[in-house]
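Using our numbering, the letters of the sequence shown map in sequence onto residues 25 to 669. Glycine is no exception: its CB is placed at the ideal position from the N, C-alpha and C atoms. Owing to the predicted nature of the structure, the values given are computational and were not obtained by experimental measurement. So the structure is just underneath, and the comments pick up after that.
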Amino acid sequence: MKKIYVLLLVIMVVCLAFTAFNQADKQAAITVKERHTQRLDAFINGLQVFRDALQVADTNSGTEPLQQQFLQVRKAFKHWEYLGEYLDPQFVKDNVNGAPLPKLERNTFGITVMQPKGMQQIDDMLYGNTLAESKEELLTHTDKILNALKDYKNLPVAIYDRIVFEAARTEFIRLYTLGLTGFDVPGSGNSIPDAINVLQTIEQDMLLYKPLFEKTDKIKTTTFYTTLNKSIAYLQANNDFDKLDRLEFLTTYLNPMFDGLLQLHKASGVEMLHETTQAFLLPPYNHQSGNLFANDFLNPFKYIGLPQELYTKELIELGKTLFYDPVLSSKNNRACASCHNPSLAFTDGNAKSTALDFDGTVERNAPTLINCVYSERFFHDMRTDVLEAQIEHVLTNRKEFDTDMLSIIDKLKDSKEYTTLFEAGLKNYKGEKISPQGITFALSAYVTSLRGFNSTFDKYVRGETKSIGADVRRGYNLFMGKAVCGTCHFAPVFNGTVPPRYEESESEVLGVPANPYAKQPVLDPDLGRAKGMLKDNVYFYEYSFKTPTVRNIALTAPYMHNGAYKTLDDILDFYNKGGGDGIGIKLEHQTLPFDSLSLNKQEMKDIIAFMKSLTDTANMTSKPAHLPKFEKQTALNSRKVGGEY
């Protein structure tokens, strides 16, 4: 009887503890929600005060007092940002903090241009124009944000523990990849104070969960909160934008916080995103990854049509064989590898690739295929939105393969080896194996396999190596800071796929010349994105091209969409002068956020050293030992792996 009594007592104590714990969790989320509402009120009030000051400001006076007032608005915005952005990122982008560039209305049949608005537009104008030039427009932009926020305030908001944890981790990505690069402060350059405000807000809210975390792992809890507090102190002590050691901040603070909160979330028993959300609705970034430069940080299957369950070793091998087989071309002498040489990071070393039958060249430079999967749009002009569609464009292009799927299928069906390979590679696919879908799935699988973050730089960031060159460190800090490269080439892929959700890919208007080595360079006539998709045929996409990755850039010369630049030194010089504008090419809608960078020769060398440290082709360059034989078309059996030219 005594044993039963003791057992019941223990059960009761555990239940009471769990109930108290549960109540504490609920109270934490309730408190965070109350704070979030208060922060939105403070943001709205700050905007109203700024608007009132702007209304009565003398247009002949300077903008300094208004700039100081606006910085207070930014402070309020940054306090609200981490939850506001997580809960409704599209609302924030469209109405509060979108890039100061025109864009197209989504989900419409026609072409509707949306003019820029939001905090970034105000920041750009307030620090770049006189009040006489911009007062009325500043008032208009402020009113638009105010009206949008007042309407938004009336919408119901659900905040749970999971949302708080995931919003904080998403904000760590945003803060580092966008905030500390200066992406959203084009005029004020207020990125470090902004980051401090964000981290202080996260710290304030996360302290509510400290008792919960301590119950599961005291050591990890202490480490996380200490690192978070020290990260704030580090930024406060190193508040010079040009001198901030972003690599030190990444390895010592950001990544440990990003992983630390993940581990505490897992141990807490609070549900995670993948447990409450259907797989197809999950974002491309992996919320279970613990490092911004981990190989699993981005999910490649969010960018392609190939179902993940079909992605097997056998399908990759089939795709690899097809990639190196010239039988895909009309003349049976050109393969995908003809323009995408594995020894050159899957480029070909030419300004523009040789066309079929040596009939001139194709229109543009061959881009690298390594990590190309991490993109929402494909080709330099962004004319396709899935990798599989890109493959069909190449097959049917008169200057590339000049063929069609039916012709390829007829040839492949004549090979018993290919039939066996297709059966093995697509064993889980219910449709016809040797088919347009089967071919594109196989090629897509192979190209998707050409990915990895295993360069010298990646390994250092992950702590797999203990040192890195001083020039690489300086170069990275310049890339992500003073040189503002990181505001277009976003970490960790260093391409135009925008963090923190990595759902959208950007293009830029740089003013690239046809021949940069001419005495008087002229604009390359290629209209780029404006001639890609019909819907992109608008003035601000003229001469606009997809932002490529700078990974493996040491192997992919020559550079730009037209292959006009022969060396990295020449490329850095082009950017340092301010793009096309700096060499006499005037485009009203050039998108480079600077006139010139004022980089010295050593700084440019350091940036190149960093980019070279991103070289990584490990386990990607092997070729098939042989190609499948054909039973009837025996003449094809002498074809060359990788094509003849």
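Looking at the unbroken alpha helix (DSSP H) that takes in residue i, where does it start and where does it end?
i	result
K570	Counting along the chain, K570 falls outside any alpha helix (DSSP H), though it belongs to the beta strand (DSSP E) covering S568 to K570.
S255	K242 to A261
D266	That residue, D266, is in no alpha helix (DSSP H); it is neither H nor E in DSSP.
M429	M429 to L436
E227	S215 to M230
G347	It is worth fixing the name first, because residue 347 is Phe in this sequence and not Gly. Run containing F347: K337 to F347, per the alpha helix (DSSP H) assignment.
K290	N279 to S292
H298	L297 to T300
Just to confirm, is the Cβ distance from residue i to residue j under 7 Å?
i	j	result
A359	D349	yes
T23	F514	The requested residue 23 does not occur in the structure, where the chain is confined to residues 25 to 669.
A53	Y151	no
T427	S377	no
K127	H165	no
K636	A578	yes
L683	S468	The displayed coordinates of the chain run from 25 to 669. Any statement about residue 683 would go beyond what the structure contains.
E655	D434	no
A123	Q144	yes
S529	E400	yes
T392	N119	no
L259	I220	yes
Y398	V517	yes
H585	N389	yes
L236	S292	yes
I632	L660	no
F265	G213	yes
T408	E532	no
S553	D381	Just to set this straight, residue 553 is Arg in the shown sequence, not Ser. The answer is no: Cβ separation not under 7 Å.
E668	N374	no
D218	K102	yes
T464	I415	yes
T55	L232	yes
So who's on the other strand from residue i, going by DSSP bridges?
i	result
S529	T521
Y589	Y583
K127	M138
L274	Per DSSP, none; premise fails for L274.
N121	G142
F402	T408
L547	P537
T392	Its beta-bridge partners do not exist; DSSP assigns none.
T385	T378
R358	G667
Y309	L322
N421	According to DSSP, N421 bridges with nothing at all.
N365	T371
G552	S568
Distance cutoff 7 Å, beta carbons only. Does residue i sit that close to anything in chain D?
i	result
Q51	In summary, chain D is missing from the structure at hand, where a single protein chain is found.
Sort the options by Cα distance to residue i and report the nearest one.
i	options	result
L252	L268, T240 and L278	L278
T240	V294, V188 and P545	V294
F618	L534, A542 and T55	L534
E58	P180, E338 and A172	P180
A303	I394, N323, A219 and V496	N323
E387	D381, L268, K423 and T245	K423
E612	L623, D593 and S568	S568
K483	L558, A318 and H311	A318
S646	L306, P582 and F347	F347
Y327	I197, G108, V471 and E416	V471
D20	L71, E416 and R497	This structure gives no information on residue 20, because the portion of the chain shown stretches from 25 to 669.
A66	K555, K610, N84 and K99	K99
I226	S215, K242 and I187	I187
V485	T276, F74, P549 and N121	T276
A257	L288, L285, L223 and T87	L223
W104	L64, Q332 and N262	L64
I197	T444, L285 and L339	L285
Q114	P524, H650, N478 and S479	P524
Please determine whether the Cβ atom of residue i lies at a distance below 6 Å from any heavy atom of the ligand FMN.
i	result
A172	Although the ligand FMN was asked about, the structure shown includes no ligands whatsoever.
Subject >> Length-filtered (4 minimum) alpha helix (DSSP H) runs lying within the stretch 583-664 >> reply: 592-600 and 625-636
**OP:** Let me know the beta strand (DSSP E) ranges lying completely inside the stretch 137-194, each 3 residues or longer, listed in chain order.
**Re:** none
**OP:** Could I get the ranges of all uninterrupted alpha helix (DSSP H) runs contained in the stretch 441-520, with 4 residues as the minimum, in chain order?
**Re:** 460-473, 480-485 and 494-504
Original post:
What residue ranges within the stretch 72-114 form continuous alpha helix (DSSP H) runs of no fewer than 4 residues, ordered along the chain?
Top reply: 88-111
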